[in-house]
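Visitor: Numbering (my numbering), first residue to last: 2 to 286.
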């Protein structure tokens, strides 16, 4: 790898619980240094601005309700797309969400959550665009609750994957949920002939269908990220949903258009980036 090969973007904000991630001891800075030590140059961008608040438009109770409806609809579609073996339990879960939605219109009419979701979405998408503009072959987007015990090992492992001759287009890096929890364990199979070059024992899995383990830490190949951003732009008028679901919706469409195929989305298990908002207890021990 040569030139500005890796772009690292960090999603954060000024009042974050994890403001230390923005500094020299944060994962993005330490990962960039680790890449540099391996001869890989990087570009970094840290987003701390609430971009929606700078370009605010009116949010309404009707928009809030539409947002909840759309998220429930996407959850049902996503379950079918992943061909989950526990379809009945997923169907019961979705029906339960519909029931709660119908029974509590006041709760589902609040616009404050929409503001938070839009600030997060705009920050992610801004980093996607910046990553594309950088010219780097790989774009890594981290949320500020992402933590790696050994950034040097993470960098070494990623360089090994980036330099492989595979056609991988996106790599999930976070330990957020277990594969069985998000219903993708049946889709995963080890990548033959390719191991993890980092010092920790990890396995590289290819997924039969593209999927995500939250957006805490994902690496995107440049050309695929361009397809992703174009798809986001073509559906910009859709209802407000969490960026995780926005990405899932896009993956379903890109799968249908053959922009990403079987085995082109990878998972590292266990994930080298720990999502502290979910697993702080593992650091405290």
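Using N, Cα and C, we set each Cβ at its ideal position, and we do this for glycine too.
Please identify the residue among 194, 180, 279, 246 whose C-alpha is closest to the C-alpha of residue 86.
Guide: For the purposes of this step, residue 86 is identified with residue 85 of the chain shown, where counting begins at 1. Nearest of 194, 180, 279, 246 to residue 86, Cα basis: 180.
Visitor: How should residue 194 be labelled, buried or exposed, when 16 other C-beta atoms within 10 angstroms of its C-beta is the threshold for buried?
Guide: Residue mapping note: residue 194 aligns to position 193 of the chain shown, counting from 1. Exposed, by the Cβ-count rule.
Visitor: Let me check one thing: in DSSP terms, what residues is residue 44 bridge-paired to?
Guide: Here residue 44 corresponds to residue number 43 of the chain shown, with the count starting at 1. Answer is 8.
Visitor: The alpha helix (DSSP H) spanning residue 156 covers which residue range?
Guide: As a working mapping, residue 156 is identified with position 155 in the chain shown. Taken as a continuous stretch (DSSP letters only), the alpha helix (DSSP H) holding residue 156 covers 152-163.
Visitor: From the DSSP output, in three-state form, read off residue 227 for me.
Guide: In the chain shown, the residue the question calls residue 227 occupies position 226. Note: residue 227 maps to helix in three-state DSSP.
Visitor: Below 8 Å between beta carbons: does that hold for residue 224 and residue 272?
Guide: Here the question's residue 224 lines up with position 223 in the chain shown. Here the question's residue 272 lines up with position 271 in the chain shown. Result no, Cβ atoms of residue 224 and residue 272 do not sit closer than 8 Å.
Visitor: Answer with buried or exposed for residue 150, where buried requires no fewer than 16 other C-beta atoms within 10 angstroms of its C-beta.
Guide: Translated into the one-based positions of the chain shown, residue 150 becomes position 149. Label assigned to residue 150: exposed.
Visitor: Helix, strand or coil for residue 109 per DSSP?
Guide: For the purposes of this step, residue 109 is identified with residue 108 of the chain shown, where counting begins at 1. It is helical.
Visitor: Comparing C-alpha positions only, which one of 143, 98, 173, 139 sits nearest to residue 163?
Guide: Within the chain shown, numbered from 1, the residue matching residue 163 stands at position 162. Comparing Cα positions, the closest option is 139.
Visitor: Are the CB atoms of residue 251 and residue 233 nearer to each other than 8 Å?
Guide: As a position in the chain shown, residue 251 is number 250, starting the count at 1. As a position in the chain shown, residue 233 is number 232, starting the count at 1. For residue 251 and residue 233, yes; Cβs fall inside 8 Å.
Visitor: Since residue 60 and residue 117 are thought to touch, with beta carbons under 8 Å apart, how far apart are those beta carbons, to the nearest angstrom?
Guide: What you label residue 60 is simply residue 59 of the chain shown in a count that begins at 1. What you label residue 117 is simply residue 116 of the chain shown in a count that begins at 1. Not confirmed; about 11 Å, so no contact.
Visitor: Who pairs with residue 114 in a beta bridge, going by DSSP?
Guide: To locate residue 114, count along the chain shown from 1; it is residue 113. Partner(s): none; residue 114 has no beta bridge.
Visitor: When you compare only the Cα positions, how much space is there between residue 42 and residue 153?
Guide: Translated into positions along the chain shown, residue 42 becomes position 41. Translated into positions along the chain shown, residue 153 becomes position 152. C-alpha separation (whole angstroms): 14 Å.
Visitor: Would you check if the distance between the CB atom of residue 241 and the CB atom of residue 121 is smaller than 8 Å?
Guide: Along the chain shown, one-based indexing puts residue 241 at 240. Along the chain shown, one-based indexing puts residue 121 at 120. Not a contact, by the Cβ cut-off of 8 Å.
Visitor: Determine the extent of the beta strand (DSSP E) in which residue 222 is found, giving its start and end residues.
Guide: For this step, residue 222 is matched to residue 221 along the chain shown. First-last of the beta strand (DSSP E) with residue 222: 218-222.
Visitor: Residue 207 bridges to which residues according to DSSP?
Guide: By one-based count along the chain shown, residue 207 stands at place 206. Answer is 190, 267, bridged to residue 207.
Visitor: Measuring only the C-alpha atoms, how far is residue 73 from residue 249?
Guide: Here residue 73 is taken as the residue at index 72 of the chain shown, counted from 1. Here residue 249 is taken as the residue at index 248 of the chain shown, counted from 1. Approximately 13 Å, taken between the alpha carbons.
Visitor: Could you compute how far the alpha carbon of residue 286 sits from the alpha carbon of residue 278?
Guide: Position 285 of the chain shown, counting from 1, holds the residue named residue 286. Position 277 of the chain shown, counting from 1, holds the residue named residue 278. Annotation note: pLDDT 46 at residue 286 (below 50); position unreliable, no value reported.
Visitor: DSSP beta-bridge partners for residue 275?
Guide: What you label residue 275 is simply residue 274 of the chain shown in a count that begins at 1. 148, 176, per the DSSP bridge assignment.
Visitor: Use the C-beta contact count for residue 106: other C-beta atoms within 10 angstroms, 16 or more gives buried, fewer gives exposed.
Guide: Position 105 of the chain shown, counted from the first residue, corresponds to residue 106. Residue 106 is exposed by the Cβ-count criterion.
Visitor: Using only alpha-carbon positions, find the residue among 34, 171, 124 that is nearest to residue 145.
Guide: To locate residue 145, count along the chain shown from 1; it is residue 144. Nearest of 34, 171, 124 to residue 145, Cα basis: 124.
Visitor: Exposed or buried, residue 90, counting other C-beta atoms within 10 Å across all chains shown (16 or more means buried)?
Guide: Here residue 90 is taken as the residue at index 89 of the chain shown, counted from 1. By the 10 Å Cβ count, residue 90 comes out exposed.
Visitor: Assuming residue 143 and residue 24 are in contact, meaning their beta carbons sit under 8 Å apart, how far apart are those beta carbons, in whole angstroms?
Guide: On the chain shown, residue 143 is found 142 positions in, with the first residue counted as 1. On the chain shown, residue 24 is found 23 positions in, with the first residue counted as 1. Not a contact, Cβ separation roughly 14 Å.
Visitor: Could you check if residue 287 is buried or exposed, using at least 16 other CB atoms within 10 Å of its CB as the buried criterion?
Guide: Missing from the structure shown is residue 287; the chain here goes from 2 to 286 and no further.
Visitor: Please say whether residue 275 and residue 219 have beta carbons closer to each other than 8 Å?
Guide: Position 218 of the chain shown, counting from 1, holds the residue named residue 219. Position 274 of the chain shown, counting from 1, holds the residue named residue 275. Contact flag unset, no.
Visitor: Looking at residue 53: is its Cβ nearer than 8 Å to the Cβ of residue 141?
Guide: Residue 53 sits at position 52 when you count from the first residue of the chain shown. Residue 141 sits at position 140 when you count from the first residue of the chain shown. It is not a contact, given that the beta carbons lie outside the stated cut-off.
Visitor: For the putative contact between residue 48 and residue 133, defined by C-beta atoms under 8 Å, what is the C-beta separation to the nearest angstrom?
Guide: Looking up residue 48 in the chain shown gives position 47. Looking up residue 133 in the chain shown gives position 132. Not really, about 15 Å apart at Cβ, beyond 8 Å.
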